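Data first, discussion second: the structure below is written as structure tokens.
Structural data, given as structure tokens:
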């Protein structure tokens, strides 16, 4: 217990050093550039205190739970006994279907719970006047992350080069951009950024490192990183695809309505 408290205090100190520059910049511009006293100063200071405590507890939780759990799940799912193979058998990507399913599931679940995505989705619904549904947008982004993380897990298992996947992903994005609604393009591009935030990054990173450590012949340094890149690219693809699907369904609905009128 004493060791845990000491660790929590250490993490809190590091968090203060991380958040302090942000607070100083905000207060500097408020006082020197705008020359105004911040409104609701007491509430702002209390909010910063909550941020410090929340981030500290979150970081400790990652170290104590999520990272070890990610490693443990990767080890169990890649265990030769679980896979029904011999430890000396060569690595075959077909033997790791449960790994891909787990990667997709954890990618989808963490994205749905991502606070930054929830905030952006709600704001997008407000700005679009309800044309874009917040929950549908979250589902579209989560599907992209699920596919990306699963594909990234396949890359780790197969040992194929990372740049090939990223180049292919962005090639698809560029092609989709020519056909997408102009108003959805900036939001789709931003969706790749909001997914790589508080909840998703630690879990996905832990999964990648765990897989690379557990699979024979893979290097945690060379193969363990890169899953977050997949989680950034493919949500753009899925959101642009969502836009195309919505337009297609609306077109069919309008065509059906016209046929009924005639």
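Numbering (our numbering), first residue to last: 1 to 262.
Where a beta carbon is used, it is the ideal one built from N, C-alpha and C, also for glycine.
As the structure is a computational prediction, the values presented were derived from the model and not from experiment.
Quick one: is residue 223 buried, meaning 16 or more other Cβ sit within 10 Å of its Cβ, or exposed? By the 10 Å Cβ count, residue 223 comes out buried.
Please state whether the Cβ-Cβ distance between residue 208 and residue 233 is less than 8 Å. Judged by their CB atoms, residue 208 and residue 233 are not nearer to each other than the 8 Å cut-off.
Option nearest residue 243 by Cα separation, candidates 139, 94, 91 and 96: When only C-alpha atoms are compared, the closest one is 139.
Drop a sphere of 10 angstroms on the beta-carbon of residue 202, count the other beta-carbons inside from all chains shown, and report buried for 16 or more, exposed for fewer. With 16 or more other Cβ atoms from the protein chains shown falling within 10 Å of its own Cβ, residue 202 counts as buried.
Distance cut-off 7 Å: residue 227 Cβ against heavy atoms of the ligand COA: In the structure shown, the ligand COA is absent, as is every other ligand, since no ligand is present at all.
For residue 346, the three-state DSSP class (helix, strand or coil): The structure shown has nothing for residue 346, since the chain only spans 1 to 262.
Does the separation of the CB atoms of residue 96 and residue 78 fall below 8 Å? Yes, Cβ-Cβ distance for residue 96 and residue 78 is below 8 Å.
Identify whether residue 270 lies in helix, strand or coil by the three-state DSSP scheme. There is no way to answer for residue 270, as the model of the chain reaches only from 1 to 262.
Simplified DSSP state of residue 243, which is helix, strand or coil: If DSSP states are grouped into helix, strand and coil, residue 243 belongs with the helices.
My understanding is that residue 142 touches residue 111, with C-beta atoms under 8 Å, so please give their C-beta distance in whole angstroms. Indeed they touch by this definition, with Cβ atoms about 4 Å apart.
Comparing C-alpha positions only, which one of 71, 89 and 16 sits nearest to residue 55? Checked all of 71, 89 and 16; the closest Cα to residue 55 is 16.
Backbone CA spacing between residue 12 and residue 89 [nearest angstrom]: In this structure, the CA atom of residue 12 is about 46 Å from the CA atom of residue 89.
Runs of alpha helix (DSSP H) lying entirely within the segment 77-139, each at least 4 residues, in chain order: You should have 80-83, 97-112 and 115-127.
Using alpha carbons as the reference points, say which of 114, 31, 61 and 163 lies closest to residue 229. Residue 163 is the option with its Cα nearest to residue 229.
Can you tell which of 249, 198 and 257 has its C-alpha closest to the C-alpha of residue 61? Just measuring C-alpha positions, the residue of 249, 198 and 257 sitting nearest residue 61 is 198.
In whole angstroms, give me the CA-to-CA distance for residue 169 and residue 160. Near 15 Å, if we compare the C-alpha coordinates of residue 160 and residue 169.
Restricting to runs no shorter than 4 residues, where is the alpha helix (DSSP H) found entirely within the segment 156-231? Runs found: 162-177, 185-194 and 200-214.
Run the CB neighbour count on residue 235, radius 10 Å, all protein chains shown included, and call it buried at 16 or more, exposed below. Answer is buried; the Cβ neighbour count reaches 16.
Given a cut-off of 8 Å on the beta-carbon distance, is the pair residue 107 and residue 204 in contact? In this structure, residue 107 places its C-beta atom within 8 Å of the C-beta atom of residue 204.
If residue 157 and residue 215 are in contact, beta carbons under 8 Å, what's the gap, nearest whole angstrom? Correct: roughly 6 Å between the Cβ atoms.
Among residues of its own chain, excluding the 5 on either side of residue 195, which ones have a beta-carbon nearer than 7 Å to its beta-carbon? Same-chain partners within the cutoff: 111, 114, 117, 141, 145, 231, 232 and 235.
Contact set for residue 36: own chain, Cβ-Cβ below 7 Å, skip 5 residues either direction: In the same chain as residue 36, and ignoring 5 residues on each side of it, the C-beta atoms closer than 7 Å to its own belong to 30, in chain order.
Out of 103, 239, 34 and 246, state which residue places its alpha-carbon closest to the alpha-carbon of residue 172. Minimum Cα-Cα distance from residue 172 among the listed residues 103, 239, 34 and 246 corresponds to 239.
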